[in-house]
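Participant: Residue numbers (my numbering): 752 to 915.
#1: In three-state terms, what does DSSP make of residue 756?
#2: Sorry if obvious, but does the Cβ on residue 813 come closer than 7 Å to a heavy atom of the ligand ZN?
#3: To the nearest angstrom, how far is it from the Cα of residue 753 to the Cα of residue 879?
#4: I need the straight-line Cα distance from residue 838 to residue 769, nearest angstrom please.
#5: DSSP three-state label for residue 774, please.
#6: One question on the structure: do residue 849 and residue 841 come within less than 8 Å of each other, judged by their Cβ atoms?
#7: Does DSSP put residue 864 in a helix, in a strand, or in coil?
#8: Taking all protein chains shown into account, do 16 or more other C-beta atoms lie within 10 angstroms of the C-beta of residue 761, making it buried, or fewer, making it exposed?
#9: Just verifying my parser: in three-state terms, what is the DSSP assignment at residue 871?
#10: Taking only the alpha-carbon atoms, compute the straight-line gap between residue 815 and residue 772 and give it to the nearest angstrom.
#11: Tell me whether residue 828 sits in a helix, a strand or coil according to DSSP, three-state version.
#12: Which one or two residues does DSSP pair with residue 810 in a beta bridge?
#13: Measure the Cβ-Cβ separation of residue 902 and residue 787 and say whether it is below 8 Å.
#14: How would you write the range of the alpha helix (DSSP H) that residue 898 sits in, first residue to last?
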């Protein structure tokens, strides 16, 4: 496979592609449907509409000009709640090649350099590969509850890492 490029910032088509990656993966593996994909597209669009380069981060992993992975840091409420790591996804083509680790590292390094004391994320039980990456980066499970924020009942998990 060709080289993988990591870049920070929006590129045309990124919202649709990141929503597509989420929609296809979570439909195939977890049965998520329209509600979930629309939620990703809507919330990612809202995030990028208020994006502040000094406060937020949006990283894309691309191969031959095609977006194959992403992660974001939403710093809007970082002072009160911590920075929010969101929309971490990797295409099947890139899984197992260390690209996810590179994306998570870029996001955490940004949070450290920005002075964020804490970063959190929401995920759900059963995503073993992602959980492994989060825990290797220093995240710890701090809360678990049954919920439906993604349109399907799952055991939602909140992970946090303290940076300061």
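Even glycine gets a Cβ: it sits at the ideal position worked out from N, Cα and C. This one's a predicted model, so the numbers in the text were calculated from it and none came from an experiment.
Facilitator: This is what the structure gives:
#1: strand
#2: Among the components modelled here there is no ligand, and therefore nothing to report on the ligand ZN.
#3: 27 Å
#4: 8 Å
#5: helix
#6: no
#7: If DSSP states are grouped into helix, strand and coil, residue 864 belongs with the helices.
#8: exposed
#9: Strand, per DSSP.
#10: If you take the alpha carbons of residue 815 and residue 772, they lie about 16 Å apart.
#11: coil
#12: 759 and 822
#13: yes
#14: Where residue 898 is concerned, there is no enclosing alpha helix (DSSP H), although the beta strand (DSSP E) it sits in stretches over 891-898.
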